[in-house]
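Comments concern the structure below.
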Ligand SMILES: Nc1ncnc2c1ncn2[C@@H]1O[C@H](COP(=O)(O)OP(=O)(O)OP(=O)(O)O)[C@@H](O)[C@H]1O
Ligand SMILES: [Mg+2]
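Chains as they are written, first to last, in the numbering used here: chain C, 210 to 460; chain S, 22 to 348.
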């Protein structure tokens, strides 16, 4: 079981490490957000009831965003494997779909975690998260891993339902961006009007963002334990969904 | 080695494979021939457990394809019609990935990879990324990869499509050698009829999902009955009227722009064909006589030609499709 999962994980990691342009390219947007929003709004935006500046506030949001987008993309990679024919090579081997799915999920989550970690390190260099404790970093990492796992599995679930990349824009605009936008990555959720607040509370990414925020800043609106339970549940649900849909995918 | 019983595959309402049955013996080289869309790939996909049959059964190496998927998968190696390598990995890494998926222990894996890469003459390129490989090199690598777990049954779906004749010969040489040395049972499809003729112990001709003939190439060609004469002319109708009256013509069939005749001792009748058409004012653009080929068998049975050029064009269109819809 684990040997096959490892084999598929290893392929994902090799491909990731080899695609330097993708590593750098996918850091572009989060860095842009971090610098423009962080520095641009730091002096004029004040987070209600908190001493921290806006920069410190959005760093966890940008990290969550990086992990989420990278993992959704790696999940959706399965479509390319389908189009370039490589998927057949794995499907005709005497291995179970569950093993393939788990290998892909772990591979995607690993690369997403690394991308998020790079953003975290950059944030520290530009003066954020200086008072974070070791255990704070660990808590943030746990949430990064959960975001990575759940959204890679989510990407695989989407990819299993799609024939080619045509539907990709649709998914990005109507699923992925709303999940990011509503997550409280860029604004504090307790200052929202009530109706919008309930929307952010059904968005699983909110719990991931808040968890990272708790880890890095030591305070969050959502209780980190509750955040962990929700994220862990969401991860199990997406992995189950991804496995079921991937099992049905043909060549 | 392979027993197929009433195998059928429907895609919605379209019947891609229609109730086919056949048996393949151990060590046989078996060809599946047929025009585009005949159902060859669909048949292979079902035998390789990648597609579920709509009805019917099959056993591969003694294992039922529906109930013993994993045993079937361990028994077979397959070279797909379309590319299936990871271009971002090296040749060695593609092989290694495969070996690990089939749970081949490390030391055995490494030795076999080295052996097979030298068999297909790629050992000096083993650390190059596959995206730098030519079409022929990729095909050879796919063949080597499919042999890594020492399959008992080897499926090759158009392994030489779009390759130059030299590379094609090369590939068929490996395949024949494998078949002889390791007693591997081989099922192949190809658009090159001369290759099928030379290699296959038996061939099944498939058209619209049905097997319309199954025999040794020799028997199939004998079935044509005599030599084949092909006449090209602008007046096919007139030529047909004249020639079909002649008693020595065993079989005559008009096509688009040409006509085929089957007759014994064709050399002796050429003069008469020319005289007949001249007296009736019909121009003949060209005449050729040859011993029957599988191409003729195919033409006789389906009324269509299956040409290599056709395959090349299709191959190119596939590549274009990939480029447009890929990255
Ligand atoms: N996934 C699919 N969904 C719907 N129809 C399909 C599918 N796969 C194949 N078909 C149809 O089934 C028929 C047989 O296709 P198949 O690929 O088996 O033909 P083939 O003999 O391999 O042809 P070729 O020489 O072009 O490779 C075709 O009409 C094709 O359009
Ligand atoms: Mg085919």
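Beta carbons are placed, not taken as given, at the ideal position from N, Cα and C, and that holds for glycine.
Note that the structure is predicted; figures quoted are calculated from it, not measured.
Environment of residue i [buried if 16+ CB atoms lie within 10 Å]
i: residue 452(C); result: buried
i: residue 330(S); result: Residue confidence is low: residue 330(S) scores 47 on pLDDT, short of 50, so the model does not pin down where it sits. Its coordinate-derived value is still stated next. With fewer than 16 Cβ atoms within 10 Å of its Cβ, residue 330(S) is classed as exposed.
i: residue 249(C); result: exposed
i: residue 153(S); result: exposed
i: residue 278(S); result: exposed
i: residue 404(C); result: exposed
i: residue 299(S); result: exposed
i: residue 73(S); result: exposed
i: residue 119(S); result: buried
i: residue 432(C); result: exposed
i: residue 229(C); result: exposed
i: residue 357(C); result: buried
i: residue 187(S); result: exposed
i: residue 348(S); result: Low confidence applies here, because residue 348(S) scores a pLDDT of 38, under 50, leaving its location unreliable and the question unanswered by this model.
Best match in the options for proximity to residue i [C-alpha to C-alpha]
i: residue 52(S); options: 238(S), 116(S) and 84(S); result: 238(S)
i: residue 177(S); options: 311(S), 102(S) and 297(S); result: 102(S)
i: residue 248(S); options: 298(S), 236(S), 308(S) and 231(S); result: 308(S)
i: residue 25(S); options: 40(S), 57(S) and 164(S); result: 40(S)
i: residue 333(C); options: 391(C), 268(C) and 289(C); result: 268(C)
i: residue 278(C); options: 306(C), 375(C) and 381(C); result: 381(C)
i: residue 146(S); options: 205(S), 257(S) and 110(S); result: 110(S)
i: residue 287(C); options: 274(C), 262(C) and 317(C); result: 317(C)
i: residue 459(C); options: 294(C), 361(C) and 410(C); result: 294(C)
i: residue 203(S); options: 209(S), 213(S) and 195(S); result: 195(S)
i: residue 304(S); options: 219(S), 115(S), 263(S) and 96(S); result: 263(S)
i: residue 372(C); options: 240(C), 225(C) and 289(C); result: 289(C)
i: residue 383(S); options: 294(S), 148(S), 242(S) and 289(S); result: Because residue 383(S) is not part of the residues shown, which for chain S are 22 to 348, the question remains open.
i: residue 64(S); options: 30(S), 49(S) and 85(S); result: 30(S)
i: residue 434(C); options: 445(C), 416(C) and 450(C); result: 416(C)
i: residue 310(S); options: 215(S), 288(S), 224(S) and 75(S); result: 288(S)
i: residue 295(S); options: 281(S), 252(S) and 271(S); result: 252(S)
i: residue 302(C); options: 127(S), 92(S) and 135(S); result: 92(S)
i: residue 158(S); options: 286(S), 128(S) and 139(S); result: 139(S)
i: residue 426(C); options: 342(C), 365(C) and 439(C); result: 342(C)
i: residue 130(S); options: 36(S), 169(S) and 86(S); result: 169(S)
Heavy atom of ligand 1 within 7 angstroms of residue i beta-carbon
i: residue 292(C); result: no
i: residue 32(S); result: yes
i: residue 40(S); result: no
i: residue 57(S); result: yes
i: residue 16(S); result: In the structure as shown, chain S begins at 22 and stops at 348. Residue 16(S) is therefore absent and cannot be evaluated.
i: residue 37(S); result: yes
Chain S within 8 angstroms of residue i, Cβ atoms only
i: residue 302(C); result: yes
i: residue 170(C); result: Any property of residue 170(C) remains undetermined from this structure, which presents chain C solely from 210 to 460.
i: residue 231(C); result: no
i: residue 298(C); result: yes
i: residue 278(C); result: no
i: residue 457(C); result: no
i: residue 422(C); result: no
i: residue 213(C); result: yes
i: residue 291(C); result: no
i: residue 295(C); result: yes
i: residue 227(C); result: yes
i: residue 306(C); result: no
i: residue 370(C); result: no
Residue-chain proximity (residue i, chain C), Cβ-Cβ < 8 angstroms
i: residue 124(S); result: yes
i: residue 105(S); result: yes
i: residue 91(S); result: yes
i: residue 173(S); result: no
i: residue 25(S); result: no
i: residue 99(S); result: yes
i: residue 330(S); result: At residue 330(S) the pLDDT is 47, less than 50, meaning the model places this residue with poor confidence; the figure from the coordinates comes in the next sentence. Not an interface residue.
i: residue 80(S); result: no
i: residue 347(S); result: At residue 347(S), the pLDDT of 42 sits below 50, so the modelled position is not reliable and the matter cannot be decided from this model.
i: residue 258(S); result: no
i: residue 121(S); result: yes
i: residue 159(S); result: no
i: residue 146(S); result: no
i: residue 177(S); result: no
i: residue 68(S); result: no
Cβ-heavy atom distance, residue i to ligand 2, below 7 angstroms
i: residue 178(S); result: yes
i: residue 102(S); result: yes
i: residue 62(S); result: yes
Residue i CB to nearest heavy atom of ligand 4 below 7 angstroms
i: residue 291(C); result: Ligands present in the displayed structure are limited to ligand 1 and ligand 2, and ligand 4 is not among them.
Partner residues on chain D for residue i, Cβ-Cβ distance less than 8 angstroms
i: residue 169(S); result: Reference to chain D is not applicable here, since the protein chains of this structure are C and S.
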